[in-house]
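Protein chains in written order, with the numbering used here: chain Y, 9 to 528; chain L, 60 to 157; chain E, 0 to 186; chain S, 241 to 739; chain D, 136 to 791.
Below is one structure, written out as structure tokens; the observations come after it.
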Amino acid sequence: MTSFLASIGYEHWILQVLLGLPLLGMPLILVFPRHMARWIALTVALTELVLGLGIWWAFDPSNPALQFVTDVDWIGRFGIGYRVGIDGLSVLMVLLSVIMMPLVVWGSWRGIDQKQRGFYTLLLALKTGMLGVFVSTDLFLFYFFWELLLIPMYFLIGIWGSNNRLYAATKFVIYTFVGSLLMLVAIVWMVWTVGKGTGTYSFAYEHLLEHAALMQPWAGWLFVAFALAFAVKVPLFPFHTWLPDAHTEAPTAGSVDLAVILLKMGTYGFLRFAIPFFPTFALSETVGLVMATLAVTGIVYAALVAMVQPDLKRLVAYSSVSHLGFVMLGIWGSTVESVQGAILVMVSHGLSTGALFFLIGMLYERRHTRNIADFGGLAKAAPLMAAAFTITAFSSIGLPGLNGFIGEFLVLIGAFGRYPVLVGVATTVVVFSAAYMLWATQRVFFNRMTNPLNEAIGDLTRRELAVLVPLILAMFWIGLYPGPLLRRTEGAARRYIEMVQPHLPAAAMQHPATGAGGSH
Amino acid sequence: MLLGPSLALSAVLFAIGVAGVLIRRNAIVLFMCIELMLNAVNLTFIALAQVHGMSGQIMVFFVMTVAAAEAAVGLAIILAIFRHTQTVDLTQLNLLKG
Amino acid sequence: MDVVTLVFGVFALWAVVSALVCVTRRSPISSAMWLVSTMFALAGIYVLLNAEFIAAIQVLVYAGAVMVLFLFVIMLLNVDAEIGPMRRSYGWVVGVGAALVLGAQLLVMRGYSVQRLADEISTMPLGVDPSLVFPEGAAARAATASRGVVGGIAEPLFQAYLIPFEITSVLLLAAAIGAVVLAKKRL
Amino acid sequence: MPVDLSTPVGALVALLPELVLTAWALVVLLVVAWRHRTARDSRFVGLLSIVGYVLALLATTWLAWRGAHADGLSQMIALDGFRFASDALLLWIAGAVAVLSLRWLERQGILAPEYYVLLMLATVGMMLLAGAADLITLFLGLEVMSISVYVLAGYDRTRRASAEAALKYFLIGSFATGFLLYGIALIYGATGQFNLTLIGAQFAATEPSLMAKLGMGLLLIGFGFKVAAVPFHAWAPDVYEGAPTPVTAYMASGVKAAAFLALARVLAEAFPAYVDLWRPIVWGLAIVTILVGNLVALAQTSIKRMLAYSAVAHAGYLFLALWAHSDEGTAAVLVYLLAYSVTTVAAFGILASIERAGARTVLITDLEGLYSVRPFASLGLSVCMLSLLGFPGTFGFIGKWYLISATLAQGEVVLAVVAMIGSGISIGYYLPIVLAMTLKPTRTRQAHQTIRFPRPAKLAVAICVVAILVLGIWPNTVLDFATQEAVQLRRIATPVMTR
Amino acid sequence: MTDLIWLAVALPLLGAILNGAIAVARPTWKSAVSFIGVGTLVAAFAVAVMVALEAARGDGAATTVHLWRWMPVTERLNIDLALVVDRLSVVMLLVITGVGSLIHLFSVGYMRADAGYARYFAYLNLFVAFMLVLVLGASLPVSFIGWEGVGLCSYLLIGFWFDDKANADAGKKAFLANRIGDFGVLIAMFMLWWHVGTLDFGAIAERAPALLPLGGTVVTAITLFLFLGCTGKSAQIPLFVWLPDAMAGPTPVSALIHAATMVTAGVFLVVRMGVLFTMSPVTQLVVTLTGALTAFLAATIALRQYDIKKVLAYSTVSQLGYMFIGVGTGAYTAGIFHLVTHAFFKALLFLGAGSVIHAMHHAQHAAHSELDGQDMRNMGGLRRAMPWTFLLMGLATLAIAGVPPFAGFFSKDEILAAAFARGEVSPVYLASWALGLAAALMTAFYMARLMAMTFMGRFRGGDAMQPHLHDAPWIMTGPLVVLGILSVTGGGLNLPAFAGGSHFLEHWLEPVLRPVTALAMPLAHPHGMTEFLLLGGAIAAAVIGLAAGIRLTLARPVALPADQPPERGLARLLAAKYHIDEIYDFLVVRPLMWFSTRVLWKGIDQFIVDRIAVGGIARVTQGLGWLGSRLQNGQVAFYVAMFAVGAVIILRTLAR
């Protein structure tokens, strides 16, 4: 497979194709008749899936550097280029986006019954934006995609969302836009600073990273500017309040994309940009403690708030906040283990929360409510759905053997050396997460069926199974055999840790195997 | 050459013009105060032209032309608004605000 | 104090008093008349400052033509004197206050003498001879002496300042069209 | 092609674009004398005037193509790339406004084709203002422009608001002219020169004198009025609201652009030596203007008025580029003005089409549900709003990014941060428009039924919107061009400075 | 053969998958379900026996079977999915597959009529698979898969009849209580990895003594956290509350999960981690005392319960307490011994109770009665109708009460003796011994009470039901018989010297416990007089308890539930289970819910963050905008004034 891919020059065109295909699909959808829209979107999605899966083999796990690199001048006068590439930090996210794409289209197959052309056009635009964020290795390009994403998401929530959609869409856009404003200043400032120091004005990630030392005097401010943008996106407590609204009001496809990809952009940003650029500041004793504390606060806080939510989607939204807190904790744990864990949490949260949103969407299509109190005893009427939901719920709460556990375990064990107390606090969430998920599962699928409306709901259809089964299989696969994933991220995680290693303050504990607090 | 006194006089006249603009509410009188300001500036030009040559005086010539043109247009505008409101009292001309 | 300074003082006092009265008269007509008075005073000063041609135009064009236009409009509109105080009291305070401060800021220029100007303009050490620094002024005076007042101003106007002069034609055209369009009764 | 500006032929060549436009304006005026009764006449005159802009643009292009430059000192009028770029910018704005006016005037019952003549004369004034190499030309250009625009603002004689706008604009404008003139006088006093280059040379050689400082300050105040910088902005919202919509578009883009271009030239050529003196003022003006403009825009319900405040805020952003006082800064002025004018013209074009004859001003709530009736118009307006917001993918973003880049290159962070904060505030009023159009339902079935898009306006807006998007992705040509022209502006001042 | 140990796990897992598929697709294929469900278990048992035989032949060294690389993260954290076969895991393997097979068989009869038959067997098979992973796991994380997996299955099976809210609640409660324990296990894992550098059981035992100071804070913390996990899984104070509620599940589930296997996982873990526990005297003390208190407390509650399964549930809690006394004192063999014998007799008791309930249920069904079929007050005199059940449960009662020579006697005695012997170290152990002895007395009492109320006297459920009561079919009674035999003879497994035995289990486990023994101070076994006094005391307690239980119960007629006079004083407190559920509800659950809703959600999220912070910024901005627009008052004079003031400021700045 690898050699075949090499022979067709796969690595040279694949990222361009992945970014370009949705853009090609958009005018097609608008040109063809309305009922063709979803078919075109599906075709594009499946094509992307088939082509994109090659990355799994073509990606060389032993090479920690960027791969699949393309570097073409864009606005050459100012050192802006179309620079893309992926490494272990992004490869899984790219794959995840590619895999989720057909599922999202499929998941919206029936739920979207009006303005289909617009919907699928925006969905494709969203896809390009998401992929773009993860493959950009040029800060200008990154910012470009980063902001561009807001538009399709805004309309997806605003047009196809539920009752309070306008509020949610506006809140989402304003939060994110305002959060990332200062990042633009920081990016430009970095380019100028590095440019003055080296004589080369370039937005290239590698170039800036190489000369990150030149930015030292302003590291604190620059980091804050980046961190604000990313923290809002993550969302880190206390910048999280947009998420429950956006998640709740968005249509299924929007919620899924939001959960699976968009939230990861924040944590990815920390891993890719904010910390490697300014490691001394970002990982210093105080900042590290603040960030880790916020992460842990978010973990526990969101879990507790999720527990008392009456709305199913809102509950899952808060659970997302909680999970993303793990990612943040893992990042600041600053060991290969915790960083690997963070990446894995990003993937598994995508799978399980994505599946949960699909399931909630299916419930909503049947009953037009997301209120937990309106359900009850559904397992009798829809056993398959109950099974799928239960498996997903357990995956979400980190049952070992399913995907959720691996990432959280690695994060916690990796971060324990640096933040033992905080990890201890974070670990209590195993109880709270079980509480909110099981309580919700019980109130929806178990108990006595009291509402006669619930009797008539059908079980999963074949199409719905086609959406859920791959996700559930993936949950088991990652839970039991995450080795292939870990291998692909290891190089990058290791490179990352080696990069920040010199800037780490002494950890609370030292691992006996190495006698060193941080790295392997 | 009376440079200092001329500049001082022009400053005083300019300030009086500004004061007039600030305290009057009749559009025409307001405009006259602006003319006073222009006259003050002209005095500056003339005073400075003594040391710098003819260009200052030529500038005054242009300023006068401009003043005349402005007067024509300005008074036309005042006429136009008077047709609508039957007043040139600026305190009553506040349709546009906020 | 020589005679020129004395005359200047008289004209200056005249101008200031007229201006003050002009801005404080309730009746627009009397305001206009006092403005004319100011203009006459200024014309007198212009003569003192070697700008005889400008002084003439000041009287002919400004005080004559422009102010007549003003009076014409005032009469046409039959604007009454302003009733009641011109501004509410704090308006007065703010207006007069701002104007006073502004005037004070600008009045610092009273300290300018030819010598000081020459020192500032010149890059040479202090105390240069102003006539060396301002050759154009001397040349202009010479030109006036040799070719008369009008000739002295006409030559640069139609040579060096030809372009601005032509622009004024566009200006007047625009003003004419504008005035006509705005003022005519029906479009 | 070296041009000796001291000869009449040289002056004629240098002023070719202005001369062509003026001559054409006279031609048009003659035509108007015969044909000024019907809507068809008005339309015909309008089309005729557009030919004038095209001709003037051709003349500019010819000059630029021949590489015209002053042989020796450029007297009265500059002859460099920056002027050609400015002329092109201003001519396109004027042309676009003429196109927008084509049917709008008839629909509003304004049947006086002199409008187009005044528009052309105002454009001549703007070109002179932006291209002035001499304070006298600058002043006269300013006045030609101002007087024409005073009239244009009051052109809708059926509406009291229009007359009131004209009066306010005129009174405060003349007041500001007084300050500007006083500034010119003092600078003249301090240097003995009107020529910008010579003034710059003089200043480069001397310590800043009191007279020079006051002169510079008064000049800045005068310009501050023209570009509607806070606190000299108060006229702008009222006038923008009252003026006929195409004229508002013209004021918001053209007048502001001309004033900024002139200011950029003055600061670059006459005051480079005093940069430390004027930078704090520009700095303060920028911050106050950005904040006040954006904040007050938040409180508006009328779109036109909202756009007026947003125009104020954008003037604040432009000050960033002036503050930078560098090649990047000058180029950023050009790029931002282009981006801003394209967007503003398109936005006002759409707004003009939405307005109904004699109706009150269009409120944001009036746009609700526009998408379902006029999808393209609302998409276009949405793109404009995003571009004004500085959203990536639009030309507005490129402009804003360039401004910030130029500022940061000079090591100034506060301004950049304030600009970004302003941007952050501005989403609070740009987004609701998008929201109202695309996401809210229509209030009544009959809403938006009266909207008519004249074909020329449709074309112009479409071109603008496409340009916003295309240049947002591929701004290279514009950036290269702007940088190239901006460098020329500096080249004139630099050798003198080092003398 | 040892290499094929994965089959033992894979077979039940396969059964679970197949049965799960049937449950989804063809829920009525019950014969296939029975065949798969029981067949895979019996096959697994066969594998277990063969592995055990091989282990018996070997020298007792552990064999690790690597299946695949599970978490190959770094060199230092490289966890394989590996199973370890040593003599400890073999014991557990045999118990789980053996008792499991019997209970599966029983279930075939018990659940026959249930609509969720296939689903039931799927869960049950899955449980066995997870339980085997738990005991066979070669490292803590792998065991943790099983550890949480059994919790999951327990959750699913307790809530098997989920359309009753109480059942679903009970399942959730069980899972949550277990999760609290899991928190401890996770923290223990993190600490172990950072301090010992490995999570492998073998490696931990090897390295910990060298890396951790004996009795130090770290090892104490690790073991206490581990023990928190044990209290969750094995229903000890303070987390025992879930187990009585867990009786909501089908009775065979109670027998398998909540008596024989899963709940003993905590004991197993302590033994597995024996080295660590031995290194921390403090923890040992805590474990012992917790076990003793639990044994005592649960026994007291069991005294006043009327639900037959509840009595057994509290009995289980109490017996688990014994096991912890055992492992706490360092008598690991005794703990495991009691674990095994308890598995036999408690499974028997539960299955017997299941038979009774089954019979009552059938009779109720036939007689259209609405009685509570699990309330002992509705039973009585069943010995005539159900002689086999009576006989077998009687044997089990004797065994649990500790009457020699039944299985429970030896194991319980060994534990108490160990606690007594440890008394020289700390009086706490002596207290534990005393509590244990008291609990033994009460055990005998409540078991006698159970037997008396159920089987003796006359039937109180009404005449309509009586003719329909009869023993269960042989598919259910068969397993009971086997368990009965084991309950009688189970003591032979570790027969002490005085009874002519050879401490087989102790020798069997010796290779596993060798590192522990190396660390622990030698435990002076009581000999001679003391030993016999202790024995006598234990026997006396059992006999007195049994006799008193029967006498007191039969002394006056048992009142029907409806006629029950309200209890007073201590009895009321015991019947209400010390109000512990209510106390937890009041102290933990409600405040947490209130805090989450009022403070966190409505307070911080919606009010402070959204309204005050975000909304505040928005409102302040808008307010400023409004203020600005007020300044724009349309008056030229004001505009000009603003202009003039601005001009003044600029000129002032310049001409300073």
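Backbone N, C-alpha and C fix where the C-beta goes; we use that ideal spot for every residue, glycine too.
Since the structure is predicted, the reported quantities are computational estimates derived from the model, not experimental observations.
Buried or exposed by the 16-neighbour rule on C-beta atoms within 10 Å, applied to residue i
{"i": "D:Lys481", "result": "buried"}
{"i": "D:Gly332", "result": "buried"}
{"i": "Y:Asn171", "result": "exposed"}
{"i": "Y:Gly523", "result": "For Y:Gly523, the pLDDT reaches just 49, beneath the cut-off of 50, and the residue's location in the model is therefore unreliable, although a value from the coordinates is still provided. Exposed, because fewer than 16 other Cβ atoms sit within 10 Å of the Cβ of Y:Gly523."}
{"i": "Y:Ile16", "result": "exposed"}
{"i": "E:Val169", "result": "buried"}
{"i": "Y:His20", "result": "exposed"}
Residue i versus residue j - alpha carbon distance
{"i": "Y:Leu156", "j": "S:Tyr669", "result": "19 Å"}
{"i": "S:Ala308", "j": "S:Gly292", "result": "21 Å"}
{"i": "Y:Phe454", "j": "Y:Ile465", "result": "15 Å"}
{"i": "S:Gln724", "j": "S:Asp320", "result": "11 Å"}
{"i": "Y:Gly499", "j": "Y:Ile339", "result": "15 Å"}
{"i": "Y:Ser98", "j": "Y:Gly137", "result": "14 Å"}
{"i": "D:Trp523", "j": "D:Asp510", "result": "20 Å"}
{"i": "D:Met266", "j": "D:Gly284", "result": "8 Å"}
{"i": "S:Met737", "j": "S:Ala441", "result": "With a pLDDT of 39 at S:Met737, under the threshold of 50, the modelled position of that residue is not reliable, and the figure given next carries that caveat. For S:Met737 and S:Ala441, the distance between alpha carbons rounds to 6 Å."}
As assigned by DSSP and simplified to three states, the class of residue i
{"i": "Y:Ser70", "result": "coil"}
{"i": "S:Ile594", "result": "helix"}
{"i": "Y:His376", "result": "coil"}
{"i": "Y:Ile465", "result": "coil"}
{"i": "Y:Phe247", "result": "coil"}
{"i": "D:Ser546", "result": "helix"}
{"i": "S:Arg600", "result": "coil"}
Mind checking the segment 776 to 789 of chain D against chain S and listing, in chain order, the residues whose C-beta falls within less than 7 Å of any C-beta there?
Met777, Phe778, Val780, Gly781, Ala782, Ile785, Leu786, Thr788, Leu789
Name, going along the chain, the residues of the segment 304 to 321 of chain S whose beta-carbon falls closer than 8 Å to a beta-carbon of chain E.
Gln315, Met316, Ile317
Assess contact between the segment 519 to 538 of chain S and the segment 440 to 454 of chain S, defined as three or more Cβ pairs (one per stretch) separated by less than 8 Å. Is contact present?
no
For the segment 466 to 474 of chain D and the segment 563 to 579 of chain D, state whether three or more C-beta atom pairs, one from each stretch, are separated by less than 8 Å.
no
Taking a Cβ distance cut-off of 7 Å, strictly less, list which residues of the segment 746 to 778 of chain D are near chain S, in chain order.
Thr756, Gln757, Leu759, Gly760, Trp761, Gly763, Ser764, Gln767, Gly769, Val771, Tyr774, Val775, Met777, Phe778
Are the segment 703 to 712 of chain S and the segment 201 to 220 of chain Y in contact at 8 Å, needing three or more beta carbon pairs?
no
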